[in-house]
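Protein chains in written order, with the working numbering: chain F, 1 to 108; chain U, 1001 to 1450. The C-beta atom is built at its ideal place from N, Cα and C for all residues, glycine as well. The model shown is predicted, which means the values in this text are computed figures rather than measured ones.
Shown next as structure tokens:
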């Protein structure tokens, strides 16, 4: 059975981390869910690069943050925030490909 | 050194609104300082480059007056960082103008320190020549030409200029561009509390009530620092801080939740413990300071790229929607026949397809029965921008396409006039670090009467 990350997580967000980076946060509702998700190893640079159609080198960091039961993915922005051709100055609506990504998941 | 110190952050951004109840409850806790962040690069490069604030003046005035009233009545020190948003010279002047207006009307008098944060271009070029400037997040080294191209460059001050201003007897500190955390950390560090804890507490307080649930609306946050920990709590009785809400805030707008880089070092959260202190408050300890080999300041600069004109229109006809790319290419070609395409940028934002995500959008086909179209032109001067946009709009309205039935026009315009002047367009072109010997070097402090 597969579930989307959005169905499993409590929050899935995107936002600028400074004008040149975009950071995606996946926050899980509790420690058990967080640990189960981590154990899947479902979020790696290749997967994120494929979801966003970017080079793996542009997926800069994937960090597990235990205190918040969260995973953080940081991407290089295609251009700096607000530059000519911008679509999302704050970077607040770039989370959907990650939110809709499905992973193997059995209900506990 | 006192056993504890209480800092009240009335809101996460000066001008976004302070709930009266939160301020009232916060003041009952006898705060030792009121500290507020007023800046961000989030709204984009325009505000820094053009030297204008991104908050509304009426809202900004109301919030500042709400903070100055108890500051005056109870003589509580006030610290404001990144004044006016961008934290450059015009942003400081704007903040001072509003500040003086409030003080004059209400008869307030404060010993006031004003701290500049704008970087002199000649000085910065000398630092480039000395190899003291390095790139941050981006691969591009800073060049003298980029410095010249910038409309304005600011540096984010650390805690030191605030400490000096307080030492000079300031009751109100109005600072240009500053590290958010430094504004709240300064009074605690001056009283002798741990640097890492003070900065970490400052980093949570700088967003105001954002670290409390439910997370809606602009709100306040209290921080109480002790020798080996600090406690955060929302004064708003309808909100609570939980371990989850405070820990999750460490993720916000940062690329690495374990490490917060600051001038002279970094706050390291590897061994940080978050504990539920009371049902509404969270206690944080174990955060460490990791000194850096050099004292570096973050530089931010924005350059003007041209003048932006745009028009908004809708497309409903399925015959056109199915061949939208060819149609837009045709419009571009028609415009290029009159205006050779090397002197301007013509952009189409297609809402209903990839208007939100652009090249990051995985869905390439159009699934909507209608399309929102923004046609944008950036050219050197306002007249050229308007002329090119006018031609693009008229071509978009009238060009034909195979199988066209609606020969009267291709677009639905919601507004008259259809063409809007958006003003000067900027881009961030400086995002670098500069090494300095003296943390105060770039930040002149002036004591003024208000």
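Label residue i either buried or exposed according to how many other C-beta atoms from any shown protein chain fall within 10 Å of its C-beta, with 16 as the threshold for buried.
| i | result |
| --- | --- |
| residue 1056 of chain U | exposed |
| residue 1067 of chain U | buried |
| residue 1169 of chain U | exposed |
| residue 1081 of chain U | buried |
| residue 106 of chain F | exposed |
| residue 94 of chain F | buried |
| residue 1045 of chain U | buried |
| residue 1363 of chain U | exposed |
| residue 1415 of chain U | exposed |
| residue 1405 of chain U | exposed |
| residue 1271 of chain U | exposed |
| residue 2 of chain F | exposed |
| residue 1319 of chain U | exposed |
| residue 1053 of chain U | buried |
| residue 1369 of chain U | exposed |
Can you confirm whether residue i, when its beta carbon is compared against all beta carbons of chain F, has any partner nearer than 8 Å?
| i | result |
| --- | --- |
| residue 1357 of chain U | yes |
| residue 972 of chain U | Nothing can be reported for residue 972 of chain U, as the shown portion of chain U is limited to 1001 through 1450. |
| residue 1074 of chain U | no |
| residue 1137 of chain U | yes |
| residue 1378 of chain U | yes |
| residue 1349 of chain U | yes |
| residue 1496 of chain U | Limits of chain U in this structure are 1001 at one end and 1450 at the other, which puts residue 1496 of chain U out of reach. |
| residue 1044 of chain U | yes |
| residue 1053 of chain U | no |
| residue 1305 of chain U | yes |
| residue 986 of chain U | An answer regarding residue 986 of chain U cannot be provided, because it is not within the stretch 1001 to 1450 covered by chain U. |
| residue 1415 of chain U | no |
| residue 1254 of chain U | yes |
In chain order, what residues of the same chain have a beta carbon less than 7 Å from the beta carbon of residue i, not counting five sequence neighbours either side?
| i | result |
| --- | --- |
| residue 17 of chain F | 23 and 74 |
| residue 1292 of chain U | 1264, 1265 and 1266 |
| residue 1294 of chain U | 1435 |
| residue 1440 of chain U | 1160, 1161 and 1164 |
| residue 34 of chain F | 28 and 69 |
Any Cβ of chain U within less than 8 Å of the Cβ of residue i?
| i | result |
| --- | --- |
| residue 9 of chain F | no |
| residue 27 of chain F | yes |
| residue 87 of chain F | yes |
| residue 37 of chain F | no |
| residue 74 of chain F | yes |
| residue 84 of chain F | yes |
| residue 34 of chain F | no |
| residue 46 of chain F | no |
| residue 97 of chain F | yes |
| residue 55 of chain F | no |
| residue 6 of chain F | no |
| residue 62 of chain F | no |
| residue 42 of chain F | no |
| residue 49 of chain F | no |
| residue 23 of chain F | yes |
| residue 104 of chain F | no |
Give me, in chain order, the residues of the same chain whose beta-carbon lies closer than 8 Å to that of residue i; leave out the 5 immediate sequence neighbours on both sides.
| i | result |
| --- | --- |
| residue 1412 of chain U | 1313, 1314, 1315 and 1316 |
| residue 1031 of chain U | 1006, 1007, 1008, 1076 and 1222 |
| residue 1147 of chain U | 1121, 1124, 1125, 1128, 1153, 1301 and 1430 |
| residue 1344 of chain U | 1306, 1377, 1378, 1379, 1380, 1384, 1385 and 1388 |
Please look up how many angstroms separate the CB atoms of residue i and residue j, rounded, as I've assumed it's under 8 Å.
| i | j | result |
| --- | --- | --- |
| residue 1087 of chain U | residue 1039 of chain U | 5 Å |
| residue 62 of chain F | residue 40 of chain F | At roughly 13 Å, the Cβ-Cβ gap does not stay under 8 Å, so residue 62 of chain F and residue 40 of chain F are not in contact. |
| residue 78 of chain F | residue 1360 of chain U | 7 Å |
| residue 1419 of chain U | residue 1390 of chain U | 6 Å |
| residue 1274 of chain U | residue 1243 of chain U | 4 Å |
| residue 1233 of chain U | residue 1241 of chain U | 6 Å |
| residue 1229 of chain U | residue 1285 of chain U | 4 Å |
| residue 1176 of chain U | residue 1083 of chain U | 6 Å |
| residue 69 of chain F | residue 27 of chain F | 6 Å |
| residue 98 of chain F | residue 76 of chain F | Incorrect: roughly 16 Å between the Cβ atoms, too far for contact. |
Starting from the C-beta of residue i, find all residues in its chain whose C-beta is less than 6 Å away, skip the five residues before and the five after it, and write them out in chain order.
| i | result |
| --- | --- |
| residue 1202 of chain U | 1181, 1184 and 1185 |
| residue 1421 of chain U | 1309 |
| residue 1306 of chain U | 1378, 1379, 1380 and 1425 |
| residue 1065 of chain U | 1102 |
| residue 1118 of chain U | 1088, 1089 and 1154 |
| residue 1349 of chain U | 1355 and 1374 |
| residue 1400 of chain U | none |
Residue ranges of each beta strand (DSSP E) run of no fewer than 3 residues wholly in the stretch 1207-1288 of chain U, ordered along the chain? 1221-1225, 1229-1233, 1259-1262, 1265-1268, 1273-1278 and 1281-1285
Whole alpha helix (DSSP H) runs in the stretch 1347-1421 of chain U with 4 or more residues, listed along the chain? With a minimum length of 4 residues, the continuous alpha helix (DSSP H) runs that stay inside the stretch 1347-1421 of chain U are 1382-1398.
Identify every run of the beta strand (DSSP E) within the stretch 3-38 of chain F, keeping only runs that are complete inside it and at least 3 residues long; order them along the chain. 11-16 and 21-27
Runs of 3 residues minimum, wholly inside the stretch 1087-1126 of chain U: which ones carry the beta strand (DSSP E) assignment? List check, beta strand (DSSP E) in window: 1111-1115.
Which runs of the beta strand (DSSP E), 3 residues or longer, sit entirely within the stretch 1009-1091 of chain U? 1033-1037 and 1078-1081
What are the start and end residues of each continuous alpha helix (DSSP H) run of 4 or more residues lying completely inside the stretch 32-104 of chain F, in chain order? 45-52 and 96-99
Considering only residues of the stretch 1124-1158 of chain U, which uninterrupted beta strand (DSSP E) runs meet the minimum length of 3 residues and lie entirely inside it, listed in chain order? 1133-1135 and 1150-1155
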